Structure formats: structure tokens, C-alpha cells
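Q: Have a look at the structure that comes next, please.
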Amino acid sequence: MENQNKIIEKFDVKGTVETVKPLGNGLINDTFVVRTAEADAPDYVLQRINHHIFTDVDTLMDNIDAVTSHIRRKLEAAGEDDIDRKVLTFVKLKDGSGKNFYYDADNDAYWRIMVFIPNAKTVEAVTPESSRDCGRAFGHFQSMLVDIDRDLKESIPDFHNMEFRLKQLNDAIAADPVGRVKEVEEELKEINARAEEMVKAEKLHREGKLPKRICHCDTKVNNMMFDADGNVLCVIDLDTVMPSYIFSDYGDFLRTGANNAAEDEADLSKVSFNMDIFKAFTEGYLASAGQFLLPVEVENLPYAAALFPYMQAVRFLTDYINGDTYYKIKSPDHNLTRTRSQLALLKSVEANTPAMREFIAEKMAK
């Protein structure tokens, strides 16, 4: 705690630090809750940024500052109340630099502090109700950022670039460092059969038909804060906020939220696409994002639902061929099991695509 107190002292926090304790079980950043002694002083969240994943912390935090500042202005203009609980507030350094993070050179660590949102919670259960809330919240998040007046960069370059992910796979195949290509010929056949269709977004963008928008790019059900009555307060975990296609937020949620099994389920008979979750999420999303979406974006929402299990299958298979150098594994064939599970989910999405198109058309007609 002594080192953490030294870090906290660099920031313009109010009140006297009483305790600093670990918070949550995040896989990327180390997070702590900072309790203050005074009743009128806020508590805080202290985070050590994983700069091995987010290698350009300046870009990361500049993106977050642009987004939170813009959303705050939008909420103020709309006359919203309780704004401090509806948008994250990051604390600046005391040194007058205007920076919202601190680099601890002695320990090669980057730190940031945000105001703790009181009387709020996250949820883990993916239900039709929570999915509808997710769709509405992430669609609203995108809609507020349509007219943002600052240029954002990719905090993880090529994060959801399908052409780039296929190039990584082809590079792995060419190198075949641990001699696994021969045993995955069936999986490669499935991937190659869909490759041209799955790079549709990049092609449409180059043709000037599909815009990039500011997206969250990590649309999980636990990346929102709810109040005590179950109402969504705000979207959190903004590290991956960056320019992308709206498919990122739509398809990424459905890949995990609408999968009836775990992403590494070995029994493929258990893997299927949950249409109830799809309908609820889509209904919420279109209710808040439908006002700005272009016809090409709406038309390709089923493509987005297929794109993300496909992309993840490509990433898992690439790692398997490379000798499991990126994802943590529990067995030698874990990444291959993951690949097969994602391909099974993809096939279920494809089987449900006509019904998905019909549902989206009905919702847009209302």
C-alpha cells in the first residue's frame, strides 16, 4: 500500500486515503478501490494499466478523455441529472500537465485513477432482459459519439481487422513452427471457404460505403454499471474504445452472450446460437442506434453475428499452429478445441441467418 499511496499522491484527489484494497478479478489491469476518510470526499478506483497489451498509453488515455468529455457534454446538454454516475470521471495529475495517467519510471508502471461510482453494480448473467439492456446501452453509447469532434486512434491496432487476422493465420501456416498444419486441414477448409465473405467490412470501407464509428469493442454484459433498481447507469471499461465498424459492438456481444455453451466446449452438440438473446439484444440495440445506422450497417448485422465467431476461430487456430504462444491453455489441444467450438457456433449462426434477417426487418419497419 505504501507504493500505491505514493502513486495516489500524484493525482488531484480529494480527501484523505484511508484504505487501498484489490477490486474485482479483471484479467488485464490490476484494480484497487481507494476509500477516503471524509464523508464528503469521493472514493476512487486506482488501476495499473497493462502496457504490454496497450502499448501506446498516451493514445489509450487520450481516447478515453475524448469519449468521456464528449459524453459528459451530451448529458449536460440533455439536462440529465446525476451525471457523475452516468459517465466515468478520470482524475488529472497535480502537476498541471493535464494528463490523466502517471508513469512510475522506477517500476515501469502506468497508473490512472477514476472516481468510484457509488450505489452501483455490475451483473454477470446473460439473460434476455440483461441482453436488451446491453443492446440499448451500447447503441446509446455509439449514438452519443457519432458527432465526436476529436480524432481517436486504435488503442490496439488492427484489433477487429479480419484481413489482418487472416494474414496472421496464413503467416502461421507458411511457417508451421511446430508441425501442426497437417492435422488442421478440415478447420482450414472451413475457414478458407468463408474468407472472401468475412472480409466484406474492409472491402465496403475501402469502397466508401461503410464508415468507421467510435465503438466500445468489448461489449460484455459486465461492462455496464446498474443502479439499485436495475437501470443502466453507464458503460465502463473503455480501454478498447476506438474507431471501428459498428459490427464490433454488435457481433462481439452475440459471440459470447448468445452462445449456449462455453467458447471452449468440446461437445459440439451443445454449441448453438441463442435466438432469444439475439432478439433481445437486437431489439435494444436498434431502439437506441437505429436513428443513426446506415442501411448498409443494418443490412449486415447478421454478417456481424457470424463474423465474430469466425474471427475468433481464426485467432485460436493461428495460436494453435504457432504453438500456443498467445492464449493461456489448459491442455495441449485447448486452442484446437476452441477453434472447433467457434466454428460450430458460426454454423449455428448461419443456420439462423434467415430468421435473423426477418426479425431485423420487422423491427426496422416499426
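So the sequence shown is numbered by our numbering: it starts at 2 and just counts up by one. Yeah, the Cβ is synthetic: ideal placement off N, Cα and C, and Gly gets one too. As the structure is a computational prediction, the values presented were derived from the model and not from experiment.
Roughly how many angstroms separate the alpha carbons of K1 and M115, rounded to a whole number?
A: With the chain represented from 2 up to 367, any question about residue 1 goes unanswered, as that position is not in the structure.
Q: I'd like to confirm the pairing. Which residues does DSSP put opposite F91 in its beta bridges?
A: Translated into the one-based positions of the sequence shown, residue 91 becomes position 90. For F91, which the question treats as bridged, DSSP gives the partners M115.
Q: Taking just the CA atoms, how far does N323 sit from D177?
A: Here residue 177 refers to the residue found at position 176 of the sequence shown. Here residue 323 refers to the residue found at position 322 of the sequence shown. The alpha-carbon atoms of D177 and N323 are separated by roughly 7 Å.
Q: Would you report the Cα separation of A40 and A288, rounded to the nearest angstrom?
A: Numbered from 1 along the sequence shown, position 39 holds the residue referred to as residue 40. Numbered from 1 along the sequence shown, position 287 holds the residue referred to as residue 288. Computed Cα separation, rounded: 40 Å.
Q: Quick check on the burial criterion: 16 or more other C-beta atoms within 10 angstroms. Buried or exposed for S156?
A: Against the sequence shown, residue 156 aligns to sequence position 155. Buried.
Q: Exposed or buried, what is T20 when buried is set at 16 or more other beta-carbons lying within 10 Å of its beta-carbon?
A: Position 19 of the sequence shown, counting from 1, holds the residue named residue 20. Result: exposed.
Q: Ordered along the chain, which non-local residues of its own chain (more than five positions away) have a Cβ less than 7 Å from that of A67?
A: On the sequence shown, position 66 is the one that residue 67 refers to. Hits under 7 Å: I149, R151, L153.
Q: I think L294 touches I247, with their Cβ atoms under 8 Å apart; what is that distance to the nearest whole Å?
A: Here residue 294 refers to the residue found at position 293 when the sequence shown is read from its first residue. Here residue 247 refers to the residue found at position 246 when the sequence shown is read from its first residue. Sure, about 7 Å apart at Cβ, within 8 Å.
Q: Assign V21 to one of three DSSP states: helix, strand, or coil.
A: For this step, residue 21 is matched to residue 20 along the sequence shown. If DSSP states are grouped into helix, strand and coil, V21 belongs with the strands.
Q: Return yes when the Cβ of I72 is within less than 8 Å of the Cβ of M145, no when it is not.
A: Counting from one through the sequence shown, the residue named residue 145 turns up at place 144. Counting from one through the sequence shown, the residue named residue 72 turns up at place 71. Yes; because the gap between Cβ atoms is below 8 Å, this pair is in contact.
Q: In terms of DSSP beta bridges, what is N223 paired with?
A: Locating residue 223 in the sequence shown gives position 222, where the first residue counts as 1. According to DSSP, which records beta bridges pairwise, N223 is partnered with nothing at all.
Q: How is D105 classed by DSSP in three states: helix, strand or coil?
A: Here residue 105 refers to the residue found at position 104 of the sequence shown. Note: D105 maps to strand in three-state DSSP.
Q: Grab the span of the beta strand (DSSP E) containing T32 for me, first residue to last.
A: By 1-based counting over the sequence shown, the position of residue 32 is 31. 31–37 is the span of the beta strand (DSSP E), which, as asked, contains T32.
Q: Work out the CA separation of A173 and N120 for me, nearest whole Å.
A: Here residue 120 corresponds to residue number 119 of the sequence shown, with the count starting at 1. Here residue 173 corresponds to residue number 172 of the sequence shown, with the count starting at 1. The alpha-carbon atoms of N120 and A173 are separated by roughly 48 Å.
Q: In the DSSP assignment, find the alpha helix (DSSP H) that holds S70 and state where it starts and stops.
A: Position 69 of the sequence shown, counted from the first residue, corresponds to residue 70. 58–78 is the span of the alpha helix (DSSP H), which, as asked, contains S70.
Q: May I ask which residues mark the beginning and end of the beta strand (DSSP E) holding R214?
A: For this step, residue 214 is matched to residue 213 along the sequence shown. Looking at the DSSP string, the run of the beta strand (DSSP E) that includes R214 is 214–216.
Q: Rounded to whole angstroms, what is the Cα-Cα separation between L318 and N101?
A: Against the sequence shown, residue 318 aligns to sequence position 317. Against the sequence shown, residue 101 aligns to sequence position 100. Going by the C-alpha atoms only, they are around 38 Å apart.
Q: If you run the structure through DSSP and keep just helix, strand and coil, what is S245?
A: Here residue 245 is taken as the residue at index 244 of the sequence shown, counted from 1. DSSP places S245 in strand when its eight states are reduced to three.
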